[in-house]
Amino acid sequence: MASASNDEANLHHYTVYPTDPSQSTQVSETETLLKDLCGGTNVTPNQHDDSRQGQVTDSWHVTSMDNGDLATTIKAVKGVRLVEKPNPLNTHAIRSEDDTTYYARANTSFDRHKTEEFLKSKVRKGTVFVPFMERGDKGKVLGWFPLALDPDSKAAVEQYEGIESVRVSTKIVDFRALPFGDQSQAPQIGRLLHERSNRVSARDSKWEKQANDRQGQVTDSWSVASVDNGDLATTINASKGVRLVEKSTSLNTHTARSDVGTTYVAMANTSFDWRKTEEFLKTKVQNDIKFFPITVWNDDSQVFGWYHLALDMDSKAAVEQHEGIQSLRITTMLRDFRALPLSAQSQSPQRVHQTHAQGSNLSARDNKWQKQEKADKALVMDSQFPGADLNKLADFVHVPEPGENTFVYIMDRGVRTYAYNPMYEYEFHPEHEDPNNIVVLQTATSLFEKQSPWEDHSESGFHGTFVASKAIGTQFGVAKKATLIPVKMTYEESDFLDAFKQILSDLSAHPERQDRSVVLVASGSEEPDTYDNVKRELSYKYNYEIPMRSLLAMGVPIVLAAGNFAQEPNRQNIDSRPQIYQSEDIPLINSGLLVTVYAPGDNVEGLFKDDFTSKVQSGTSMAAPQVAGLVATYLSHEPTRQRWSGVGGVERVKAIREYLVSDSSSWIRKSGSGIRTIWNGAGEEDHKNSGASSLLTITNPATPPLQNDAPLPPKTKALSIILQNVITEADNINQWLFHLTNQGQSALCRNDKNNKPVYTAPAKSDPGMVDNPPLPGGIYPIKIDGMDCEYKNNGQNTGALWCKEKNGQAIPCNADSMMGTKEGKKCDLGVYEHAVVYCEW
């Protein structure tokens, strides 16, 4: 009996949530992995009945006798979204009063010594706290942790003038990083680790010093401490020269190899036999994890490197030292460009083209232009001719069969090819109305991950589908008759190589398509880069430069979303890969901000992840497909195609790009802005002949449009409405937060006194609601910049903001892009937030 009692006391309980409960195959695979990890009898599914799917697993109850905390290990299992450690006595996350500590951020304008003395008088007796300092030996104090405070002391600290904010501490996680063989690099590695962590110290081994008298002080490992919310082990693992990372939390010390999910790119030493290197790599990668060669698309006889290498730390060290390997780096991930962009009117174009194509605008066959009634505003703007008042246009005017017999290759995480639009039609108009006739190109990595060719595997669940709908969709697209060819790839940046190779092989097999095709890329690297750096990095040459040059040599235009990072400091120019390659000899068509040509990207309507539904989104991902659709329209229109007849290859692409920025295909909507916005050539007479509904106010096209005909001034302010979920020992609370921000800035996880919400309101008490929030139905009185306002929402749409000082005019609101995700963001221990609606003015 005593033994059983002790076993129960040592039992750890976890609640584990799947990434997407509706994906039964993935859920089943995840359950198998959990059982392999913890034992079959220790994993119990929590299920509910679904009328369509039957038994659906919402979560698992996992128990373990492991001496350490398995939460991090479980979280690394494929298909796991969230791991919570519940209290056996209630359903809320554990937060023991005695164990809770806090981090206090300093008011740096106040005497930090006085603040420190004050804190000493408030922490529990016998506890010690330390300052958190700016990097460097003489760094200033930014705050203090871990502060053991009772509720009264915490309240006093929050009110103290020397404290800017107080939050629950993250655990200090200590890592022990061990170098391999050659210790001469230890000082450089130590400096690198210092930059990637909060605190680093070298442990000098007496045994090592005795054995290495010639070297003097020898570093055999580093002690690395971090208060980062994430697990720093993966970042440390990726540092060159690091062999093994051991992690300890608090008093427990056990090895934790956090390399699950981490893959690497290795470039070959071309003077060594690549076949021998490849055989060596096969002995080092993790079981059942495939890796792929880096080759030129039409020649597999020479391998220049390998990607998707799943290596543990010992194998990583061995690969770095192998004579057949020139370099090894961690795989970087891609970002879907769908965040809010800056207002185009506030920016200057990266390059202003002075050469305009001569001749008439795009002409319809037999002058029979057609109209799409009550089209979304972006399409209406695409056919807005010079001098027309956009507010008086309601239809999209286009040539018959736009994009017919052309092909748009869309490089993304997939497209839901069988999707129905709100008009109860297939949005991607498959041949013979059969979605199985849509040919999908798919990378080897995507196939290895067993992704369905006909589904959208983007993080939002609809990014690729939305993008495709704006390019060639029946209801939402510009080139409504173009043929969709999805090129399904993963978020691994190295997957661009295989995706480009798939397109090049397809175009080589169908040479008749080469002068009727356009390639669309709506994602790129998240971290900033420079042109000089991408030219130096050998892996980027094979990943981007060589295949893009090959496509351009075929005369195939490449349209890219320019990215949404202009709001960030020092990122006003295009600095994402592959967008940064744009140059005279690599004539890419970047669409968005600071680019070749602009297209509507703010509040654009397109296809959502559910049948018969649409969604309004903002970002360069929404602008680029309209440019690609316009190019496809030109490629299908013989009179326009004649403009660049007789030229091929790169020169043909340059001619198409020049035409896009000519007066025949774009015009400056706001005088003085210098920004050219696309136009499909539908003139005033074409609008009239098509029967488009409008009361046109025409100015002289040769003169700048009247001020009231120009686009509205750029939006600068925003109201962000966020659902917050707070878990405590005693309760699980949901509330609506109304944050006033600058346009384009995130309001998630604001927890200091200077960024409090302008209004809060209670929400329904549903513990899981933060992962799939409803609309904030109701009427909410809000004070904004001295104005008396009300946010009104009937629970059926995104509502509107009404302010008395706005003369009764409503400020429309839109669904936040985060609404497309099925997971709230973790802000702190027990605190999750999910952005739902934003209103801009």
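All residue numbers for the sequence shown refer to our numbering, where the first residue is 204 and numbers rise by one. Beta carbons: idealized from backbone N, C-alpha and C, even for Gly. Quick caveat, the model's predicted, so the values are computed rather than measured.
Inclusion of G875 and G758 in the CB contact set at 8 Å is not warranted, their separation being larger than that value.
Nearest neighbour of I492 by Cα position, chosen from H511, F483, D503, turns out to be H511. Beta-bridge annotation (DSSP): R538 is paired with G727. When the Cα atoms are used, K288 and Q489 turn out to be separated by approximately 29 Å. Non-local C-beta neighbours of V326 in its own chain, meaning closer than 8 Å and more than five positions away in sequence, comprise F332, L350, A351, L352, S356, ordered along the chain. Collapsing the DSSP output to three states places W572 in coil. Closest by C-alpha distance to G508, out of S786, A520, D476, F651, is D476.
From the listed residues V864, P248, R284, the smallest Cα separation to T235 is found for P248. Exclusion of the five residues before and after I783 leaves D732, T733, Y734, V737, I777 as the residues of its chain whose Cβ lies within less than 8 Å of its Cβ.
Out of G282, C241, T276, T218, the CA that lies nearest to the CA of T233 is found in G282. Counting only runs that start and end inside the region 450-524, the alpha helix (DSSP H) elements of at least 4 residues fall at 477-485, 516-524. In the three-state reduction of the DSSP assignment, Q782 falls in the helix class. Counting every other CB atom within 10 Å of its CB across the protein chains shown gives R532 a total below 16, marking it as exposed. With a contact defined as Cβ atoms closer than 8 Å, G346 and A307 qualify at about 5 Å. Counting along the chain, the unbroken alpha helix (DSSP H) around N892 starts and ends at 887-893.
Judged by DSSP secondary structure, F815 falls outside any beta strand (DSSP E); it is assigned neither H nor E. The region 821-834 makes no contact with the region 691-700, as fewer than three CB pairs between them are under 8 Å.
For F495, the closest of E481, S504, N501 by C-alpha to C-alpha distance is E481.
When S504, T686, E1026, H525 are compared, the shortest CA-CA separation from L484 is found for H525.
Burial state of S672 is buried, judged by a 10 Å Cβ sphere holding 16 or more other Cβ atoms. Listed in chain order, the non-local C-beta contacts of Y220 below 6 Å within the same chain comprise S262, R284, L285, local neighbours out to five positions each way being set aside. Counted as a single uninterrupted DSSP element, the alpha helix (DSSP H) harbouring K738 occupies residues 734-739. T1001 and V506 have their alpha carbons spaced roughly 53 Å apart. Beta-bridge partners of K1028 (DSSP): E1036. When the alpha-carbon of G894 is set against those of N883, Y1035, H942, D598, the nearest one is in D598.
In this structure, M692 lies away from T620, with their beta-carbon atoms at least 8 Å apart.
Just so you know, the alpha carbons of T311 and K487 end up roughly 50 Å apart.
Membership of L863 in the alpha helix (DSSP H) is indicated by the continuous run 852-863. Less than 8 Å separates the beta-carbon of L763 from that of V724.
Between G1033 and V929, the C-beta spacing is below 8 Å. The three-state reading of DSSP puts L214 in coil, since its state is none of H, G, I, E or B. Look at the region 661-723 and you find these whole runs of alpha helix (DSSP H), each 4 residues long or longer: 666-675, 698-712. DSSP places W847 within a helical segment (H, G or I) once states are collapsed to three.
Boundaries of the alpha helix (DSSP H) harbouring F321: 315-323, taken from the DSSP string. Residue pairing by DSSP places I985 opposite C992 in a beta bridge. Per DSSP, the continuous beta strand (DSSP E) segment holding I936 begins and ends at 935-945.
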